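Student:
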Amino acid sequence: MSCWVTIQDYALRSIGIGERLLPREDFTLCQQFTLIGSGMIWNVYFALLALMAGFFLATALALGKASPNRALRKPAEWFIFLFRGSPLFIQFFFAYFLFLSLKGVSSVFDPFTSAWLGALVVLFLNTAAYSGEIFYGALQSIPRGDLEAADAYGFSGWKKFRKITWPTMLRLAWPAYTNEAIFLFHATTLVYFSGFPAWRQKGDALYYASYFADKTFNPFVPYPILAMYFILVTLTIVGSFGLVNRRLNRHLPAERRARLRLRPNLIR
Amino acid sequence: MFEFCTDHETLPRLQWLACYLTTGKHMGFYASFGTVLLLLAITAPAALLFGFGGASAARSRLLPLNWLGKAYIAVVRGVPDIAFFLFFVIALDQAFEWVRHQVKCPDWDQPIRQGNDFVVCAAAKLPLGTAPQWVHETYGFFVAVLTFAIVFGAFAANVLFGAMRAVPHAQIETAEAYGMSHRQTFWRVLVPQMWVYALPGLSNLWMVLIKATPLLFLLGVEDIVYWARELGGTANPRFTDYPHGDWRMWYFLALLVFYLGFTRISELVLDRIMRRLSHGQATAGGEAQRRAKGAA
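Right under this line is the structure:
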């Protein structure tokens, strides 16, 4: 079987298009590359949607935590503490079993027990908490002169936030936020190892990599392939976030611009 | 456990719960919290040691050693850590068996990798097929600890490497001016001074290490996640004295609370250590302390 046929069969296997049966013996390199790459669709899906939705909640959380109003500050603080203080792995398990119990109450919760929605919700809340803390830190370190200048020019309320506070917050937070994005992307590999079932063996990249490692009893092929895919996507993230960083910093003289340093953090 | 537990069918609710939570299986569950703490107690110093080795290697003037250290640090960037865990657990096991195979059975003529099998001679098996159960469990735990130490050692190396570079250069120049050798400078000037720079990174690492402990489950150790799944699942009255529905949600809620408390306490303790260590240091933290004292 040529490699082209394999790609046709398995390139979209993780979303249920193509050959149903996974290869069982005589694993070729081509099969491993194709299937693990096919699993990457899920990693990208989880990371992209969670990050985009989480961005807005994170902004709200940061504003809430910085708010002088106790009724706004306390919930934001507790939310951030809850999601940053416990392991994502346990959060996944808890959420899965929670949704499983809720399923008995109402059929509305049916889709939440499958990974595409349930895990996405957990990742969304999780990344919102981590990014919220980053944004809060940036909000605290906005130069006072900037805000005073805004006042002097007669900015206030929404306009001041939209034109001065928010862009400066983003600019200061961006290097750390880039790391958070990379970090979240890596965290998506936990989904199929933490309760959420891979229905009909439709899993993410690590799911297929460990499938091959289990079947061939040889970890030295699938995991390096996985690593290669992840490094590629990580570089893509760094590149695209770098472009945004350039835009956010475009008004500053060259030497004051915050350079983006790749320092992905560790496990959650 | 309690005397009234003997006729468990007629117990009032609270006593039933007391009896249920003290069954032999639950004792295993509580003991597994000890497993987690034991893992932390062994892994933290081991990872620090690995990290120190890695960071010193990355600073080495010997080129191959320098590359080795840098590669070790770089390896954690870009690739998900869970992949490392899953990889190292098999790879380490196979590496041990391969080495033992080379030593113990030199005249074995078949290839070790036969298709999808990894075949070593019986004497090289780890642990030996005849070994008792506890040896198997201890070996599994040992491989897990080693895996944690390698992965977190790379993180720690990253932190320590940065800390070593943060020590003011003038300190090192002064040491050289006094005629200290490279080695003396390293041990007497650089290493004692780097800890205050390393501490924020290391405390972050400690938090991350706490939050990584449930991954022991993936490495095949019977840890708290294993027991929570085991005990929480629906208990059929045919097999147990204490039947109940699917309680896994509550068990994982308990784990969630455990971790929240644990990270919170660590945070408080680490803050206190940081305050103590930055006392009198020429850093922003030390300066803030000095000012606060002057104002008071």
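Protein chains in written order, with this note's numbering: chain D, 4 to 271; chain W, 66 to 361. Every residue gets a Cβ at the ideal spot worked out from N, C-alpha and C, and that includes glycine. Keep in mind that this is a model prediction, so the values were computed, not measured.
Under 7 Å Cβ-Cβ, which residues of chain D neighbour PRO265/W?
Tutor: Along the second sequence, one-based indexing puts residue 265/W at 200. Correct list: empty, because the minimum Cβ distance to chain D is about 13 Å.
Student: Residue range of the alpha helix (DSSP H) that THR37/D falls in?
Tutor: The count along the first sequence starts at 1 and reaches residue 37/D at position 34. Residues 32-69.
Student: Just to confirm, are LEU133/W and ALA221/W a CB contact at a threshold of 8 Å?
Tutor: Along the second sequence, one-based indexing puts residue 133/W at 68. Along the second sequence, one-based indexing puts residue 221/W at 156. No, the Cβ-Cβ distance between LEU133/W and ALA221/W is not below 8 Å.
Student: Taking 7 Å as the limit between beta carbons, can you name the residues of its chain near LEU272/D, skipping five residues before and five after?
Tutor: In the structure as shown, chain D starts at 4 and stops at 271, and residue 272/D therefore has no counterpart that could be examined.
Student: In chain order, which alpha helix (DSSP H) runs of at least 4 residues are fully inside the region 190-269 of chain W?
Tutor: Within the region 190-269 of chain W, the complete alpha helix (DSSP H) runs of at least 4 residues are 198-231 and 234-242.
Student: By DSSP, does ALA201/D sit in helix, in strand, or in coil?
Tutor: Position 198 of the first sequence, counting from 1, holds the residue named residue 201/D. Coil at ALA201/D, not helix or strand.
Student: Tell me whether the beta-carbon of LYS190/W lies closer than 8 Å to the beta-carbon of GLU162/W.
Tutor: As a first step, residue 190/W must be located in the second sequence, where it is residue number 125. As a first step, residue 162/W must be located in the second sequence, where it is residue number 97. For LYS190/W and GLU162/W, yes; Cβs fall inside 8 Å.
Student: State yes or no: is the C-beta of ALA61/D within less than 8 Å of the C-beta of GLY135/D?
Tutor: The count along the first sequence starts at 1 and reaches residue 61/D at position 58. The count along the first sequence starts at 1 and reaches residue 135/D at position 132. Yes; because the gap between Cβ atoms is below 8 Å, this pair is in contact.
Student: For ARG126/W, name the three-state secondary structure that DSSP assigns.
Tutor: Working through the second sequence from its first residue, we reach residue 126/W at position 61. ARG126/W falls in the coil class under three-state DSSP.
Student: Determine the closest residue to ALA284/D out of PHE127/D, ILE185/D, PRO178/D and THR116/D, with distance taken between C-alpha atoms.
Tutor: As shown, chain D starts at 4 and ends at 271. That puts residue 284/D outside it, with no answer to give.
Student: Would you call THR100/W buried or exposed, if buried means 16 or more other Cβ atoms sit within 10 Å of its Cβ?
Tutor: Sequence index remark: in the second sequence, residue 100/W carries index 35 (1-based). Buried, since its Cβ has 16 or more Cβ neighbours within 10 Å.
Student: Drop a sphere of 10 angstroms on the beta-carbon of VAL185/W, count the other beta-carbons inside from all chains shown, and report buried for 16 or more, exposed for fewer.
Tutor: Position 120 of the second sequence holds residue 185/W. VAL185/W is buried by the Cβ-count criterion.
Student: Does the beta carbon of SER104/D come closer than 8 Å to any beta carbon on chain W?
Tutor: Stepping through the first sequence from its first residue, residue 104/D is reached at position 101. It does: the Cβ of SER104/D has a partner Cβ on chain W nearer than 8 Å.
Student: May I ask you to report which of helix, strand or coil DSSP gives PHE220/D?
Tutor: In the first sequence, the residue the question calls residue 220/D occupies position 217. It is coil, neither helix nor strand.
Student: Within the 8 Å Cβ cut-off, does SER17/D reach chain W?
Tutor: Here residue 17/D corresponds to residue number 14 of the first sequence, with the count starting at 1. No, its Cβ sits nowhere closer than 8 Å to a Cβ of chain W.
Student: Look at the Cβ atom of GLN34/D, then the Cβ atom of PRO225/D, and state whether they are nearer than 8 Å.
Tutor: Within the first sequence, residue 34/D is the residue found at index 31, counting from 1. Within the first sequence, residue 225/D is the residue found at index 222, counting from 1. Going by C-beta atoms, GLN34/D is not nearer than 8 Å to PRO225/D.
Student: Between which residues of its own chain and GLN80/W is the CB-CB distance below 7 Å, once the five residues before and five after are set aside?
Tutor: In the second sequence, the residue the question calls residue 80/W occupies position 15. PHE69, listed in sequence order.
Student: Report the rounded CA-to-CA distance for GLY266/W versus TRP7/D, giving the unit in angstroms.
Tutor: For the purposes of this step, residue 266/W is taken as the residue at position 201 of the second sequence. For the purposes of this step, residue 7/D is taken as the residue at position 4 of the first sequence. Roughly 47 Å between the two C-alpha positions.
Student: Note down, one range per segment and in chain order, each alpha helix (DSSP H) of at least 4 residues found wholly within the region 134-199 of chain D.
Tutor: Segments of the alpha helix (DSSP H) lying fully in the region 134-199 of chain D: 147-155, 160-163 and 169-190.
Student: In this structure, what does DSSP give as the bridge partners for ARG294/W?
Tutor: As a first step, residue 294/W is located in the second sequence; it is residue number 229 there, counting from the start. Answer is none; ARG294/W lacks a bridge partner.
Student: Between THR239/W, PRO176/W, HIS247/W and TRP292/W, which lies nearest to LEU127/W when the distance is taken from Cα to Cα?
Tutor: Indexing the second sequence from 1 puts residue 127/W at position 62. Ranking THR239/W, PRO176/W, HIS247/W and TRP292/W by Cα distance to LEU127/W puts HIS247/W first.
Student: For PRO222/D, collect the residues of the same chain with a Cβ closer than 8 Å to its Cβ; drop the 5 residues on either side in sequence, then sort them by chain order.
Tutor: Position 219 of the first sequence, counted from the first residue, corresponds to residue 222/D. Around PRO222/D: ALA216.
Student: Could you check whether the Cβ of PHE92/D sits closer than 8 Å to any Cβ belonging to chain W?
Tutor: By 1-based counting over the first sequence, the position of residue 92/D is 89. It does; some Cβ of chain W falls within 8 Å.
Student: Based on Cα-Cα distance, which residue from ALA176/D, GLU28/D and GLY206/D lies nearest to PHE58/D?
Tutor: Numbered from its first residue, the first sequence carries residue 58/D at position 55. Comparing Cα-Cα distances from PHE58/D to each of ALA176/D, GLU28/D and GLY206/D, the minimum goes to ALA176/D.
Student: Quick check: is the beta carbon of ASN248/D nearer than 8 Å to any beta carbon in chain W?
Tutor: In the first sequence, residue 248/D corresponds to position 245, counting from 1. With 8 Å as the cut-off, ASN248/D does not count as an interface residue toward chain W.
Student: Who are the Cβ neighbours of SER70/D in its own chain at under 8 Å, not counting the five residues just before and after it?
Tutor: As a first step, residue 70/D must be located in the first sequence, where it is residue number 67. If we look at SER70/D and ignore the five residues flanking it on each side, its Cβ neighbours are ARG76 and ALA79.
Student: From VAL254/W to PHE115/W, what does the alpha carbon distance come to, in whole angstroms?
Tutor: Your numbering for residue 254/W matches position 189 in the second sequence. Your numbering for residue 115/W matches position 50 in the second sequence. C-alpha separation (whole angstroms): 21 Å.
Student: Residues in the region 178-195 of chain D with C-beta within 7 Å of chain W's C-beta atoms, listed in sequence order?
Tutor: So the list reads HIS189, THR192 and LEU193, given in the order they occur along the chain.
Student: Give me the Cα-Cα distance between ALA132/D and HIS201/W, rounded to the nearest whole angstrom.
Tutor: Taking the first sequence and counting its residues from 1, one reaches residue 132/D at position 129. Taking the second sequence and counting its residues from 1, one reaches residue 201/W at position 136. The alpha-carbon atoms of ALA132/D and HIS201/W are separated by roughly 40 Å.
Student: Would a check of beta-carbon distances place THR328/W closer than 8 Å to chain D?
Tutor: Along the second sequence, one-based indexing puts residue 328/W at 263. Yes, its Cβ sits closer than 8 Å to a Cβ of chain D.
Student: Between the Cα of PRO200/D and those of ALA63/D, TRP119/D, PHE188/D and VAL47/D, spot the shortest distance and give me the residue it belongs to.
Tutor: Locating residue 200/D in the first sequence gives position 197, where the first residue counts as 1. Looking at the Cα atoms, TRP119/D is the closest of the given residues.
Student: Just tell me which of ALA228/W, GLY118/W and LEU342/W has its CA closest to the CA of ALA214/W.
Tutor: Taking the first residue of the second sequence as 1, we reach residue 214/W at position 149. Out of ALA228/W, GLY118/W and LEU342/W, GLY118/W has the C-alpha closest to the C-alpha of ALA214/W.
Student: How long is the line joining the alpha carbons of ILE138/W and ARG356/W, rounded to whole angstroms?
Tutor: Reading the second sequence from its first residue, position 73 is the one you call residue 138/W. Reading the second sequence from its first residue, position 291 is the one you call residue 356/W. Computed Cα separation, rounded: 38 Å.
Student: Quick one: which residues of the region 134-166 of chain W get their C-beta closer than 7 Å to a C-beta of chain B? List them in chain order.
Tutor: Absence of chain B from the displayed structure is noted, the protein chains being D and W.
Student: Closer than 7 Å by C-beta to TYR13/D: which residues in its own chain qualify, once you throw out the five before and the five after it? Chain order, please.
Tutor: Sequence index remark: in the first sequence, residue 13/D carries index 10 (1-based). Cβ within range, chain order: GLY21, GLU22, GLN34, THR37, LEU38 and SER41.
Student: Does DSSP put ALA14/D in a helix, a strand or coil?
Tutor: What you label residue 14/D is simply residue 11 of the first sequence in a count that begins at 1. Coil.
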